[in-house]
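Peer 1:
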Amino acid sequence: MKTIPEILRGCLFFSGKSTSEMTMLLEHLVYSIKDYRKNELIASEGDPAERVGIVLCGSVEVQKIHPTGKNVTIAQISEGQTFGEAVLFSKENVFPATVMAIDSSKVMFINKREMLRLFTSDADILSRYMENISDRLLLLNRKIEILSLGTLRRRIVFDLLKLAVKQHSDTINLPYNKRVWAEHLNTARPSLSREICCLRDEGLIDFTGNKITILNREALEGILR
Numbered sequence: 001m002k003t004i005p006e007i008l009r010g011c012l013f014f015s016g017k018s019t020s021e022m023t024m025l026l027e028h029l030v031y032s033i034k035d036y037r038k039n040e041l042i043a044s045e046g047d048p049a050e051r052v053g054i055v056l057c058g059s060v061e062v063q064k065i066h067p068t069g070k071n072v073t074i075a076q077i078s079e080g081q082t083f084g085e086a087v088l089f090s091k092e093n094v095f096p097a098t099v100m101a102i103d104s105s106k107v108m109f110i111n112k113r114e115m116l117r118l119f120t121s122d123a124d125i126l127s128r129y130m131e132n133i134s135d136r137l138l139l140l141n142r143k144i145e146i147l148s149l150g151t152l153r154r155r156i157v158f159d160l161l162k163l164a165v166k167q168h169s170d171t172i173n174l175p176y177n178k179r180v181w182a183e184h185l186n187t188a189r190p191s192l193s194r195e196i197c198c199l200r201d202e203g204l205i206d207f208t209g210n211k212i213t214i215l216n217r218e219a220l221e222g223i224l225r
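For the sequence shown, counting from 1, position 203 maps to 203 in this note's numbering; every step adds exactly one.
This is the structure in structure tokens:
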């Protein structure tokens, strides 16, 4: 079983640090650790966001809950990954979404004052923190771009072509399961499955499990024009 210093080495904030360096850092760091049961609420939308969460084990989801009761998964966060950092220093530092444990999970919390102390004592941590914020903004921009495409078919095709470029291959390994993908595309899972099957039946793609192969890139690109 990994120790906390070993887990934190996998966190972007602390990447590049040795286990011994992390052990020394923790000796002078004020933090708390809390255990959560599966489906237990960690933070509700609108709660004060006064600390950063780092998942030490398990998995949590950031969800947007609409007035209709429909949940949209914004992000899945696993060991070594973080939540809450994007709003920690906002003037309106409240959680913009709900955070829930989807497995039995253990989360470390570091408050704003301690994060500021880390920034002033270690420029590398500040740099990694800003890098993480920038990556989150790019991810949000990508999601907005997808949702602005209109039809589900166009959203699917756009996502597949982007993933193909990122993976440098026309055979794509989906980085999420079908449920998360459907929520990412703002649709129901049955609707996603039907449209994927239509694209396959038209000879544009083929798929097995979470692996999708682009068979006719030109035709897919034409859907986006």
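Just so it is clear, CB atoms sit at the ideal spot from N, CA and C, and this is done for glycine as well.
So MET108 packs on TYR31, CB below 8 Å; how close in whole Å?
Peer 2: So it is a contact: roughly 6 Å between Cβ atoms.
Peer 1: If contact is defined by three or more beta carbon pairs under 8 Å, each pair taking one atom from either stretch, is the segment 95 to 103 in contact with the segment 152 to 167?
Peer 2: No, they do not touch.
Peer 1: Pull up the CB-CB distance for ILE214 and LEU149, whole angstroms please, since I reckon it's below 8 Å.
Peer 2: Not really, about 18 Å apart at Cβ, beyond 8 Å.
Peer 1: Tell me which residues share the same chain as ILE125 and place their Cβ nearer than 8 Å to its Cβ, disregarding the 5 neighbours each side in the sequence.
Peer 2: So the list reads PHE13, PHE14, LEU118, PHE119, once near-sequence residues are dropped.
Peer 1: Throw me the rounded Cβ distance for the ILE172 and ILE212 pair, which I believe falls under 8 Å.
Peer 2: Their Cβ separation, rounded to whole angstroms, is 5 Å, which keeps ILE172 and ILE212 in contact under 8 Å.
Peer 1: Quick one, which of LEU56, LEU152, HIS184 has its alpha-carbon nearest LEU224's?
Peer 2: Looking at the Cα atoms, LEU152 is the closest of the given residues.
Peer 1: Output yes or no for whether 9 Å exceeds the beta carbon distance between GLU230 and GLN81.
Peer 2: Residue 230 is absent from the structure shown; the chain starts at 1 and stops at 225.
Peer 1: Which partner residues does CYS57 have in the DSSP bridge list?
Peer 2: Answer by DSSP bridge pairing, in chain order: LYS106.
Peer 1: Can you check the segment 117 to 162 for any beta strand (DSSP E) of at least 3 residues that lies completely inside it and give the ranges in chain order?
Peer 2: You should have found no qualifying run.
Peer 1: If GLU50 and LYS91 are in contact, beta carbons under 8 Å, what's the gap, nearest whole angstrom?
Peer 2: So it is not a contact: roughly 13 Å between Cβ atoms.
Peer 1: If you follow the beta strand (DSSP E) that VAL72 is in, where does it begin and where does it stop?
Peer 2: Per DSSP, VAL72 belongs to the beta strand (DSSP E) from 71 to 78.
Peer 1: Taking the alpha helix (DSSP H) that SER193 falls in, what are its first and last residues?
Peer 2: Unbroken alpha helix (DSSP H) run through SER193: 189 to 201.
Peer 1: Taking all protein chains shown into account, decide if TYR176 is buried (16 or more other Cβ within 10 angstroms of its Cβ) or exposed.
Peer 2: So TYR176 counts as exposed.
Peer 1: Whose C-beta lies closer than 8 Å to the C-beta of SER193 among residues of the same chain, with five residues either side of it excluded?
Peer 2: LYS178.
Peer 1: Any idea what DSSP makes of VAL87, helix, strand or coil?
Peer 2: Coil at VAL87, not helix or strand.
Peer 1: Tell me whether LYS17 is buried or exposed, calling it buried when 16 or more other Cβ atoms sit within 10 Å of its Cβ.
Peer 2: LYS17 is buried by the Cβ-count criterion.
Peer 1: Thinking C-alpha only, which one of ILE7, GLU45, ARG200 is nearest HIS66?
Peer 2: With distances taken between Cα atoms, HIS66 lies closest to GLU45.
Peer 1: Can you name the start and end residues of the alpha helix (DSSP H) that SER20 belongs to?
Peer 2: Counting along the chain, the alpha helix (DSSP H) containing SER20 begins and ends at 19 to 27.
Peer 1: Can you tell which of PRO5, MET1, GLY53, LEU29 has the C-alpha that lies nearest to the C-alpha of SER20?
Peer 2: Nearest option by C-alpha distance: PRO5.
Peer 1: Go ahead and pull the three-state DSSP assignment for ALA49.
Peer 2: Three-state result, ALA49: coil.
Peer 1: What span of residues does the beta strand (DSSP E) with LYS178 cover, start to end?
Peer 2: Not the beta strand (DSSP E): LYS178 falls in the alpha helix (DSSP H), residues 178 to 184.
Peer 1: Tell me whether MET22 is buried or exposed, calling it buried when 16 or more other Cβ atoms sit within 10 Å of its Cβ.
Peer 2: With 16 or more Cβ atoms within 10 Å of its Cβ, MET22 is classed as buried.
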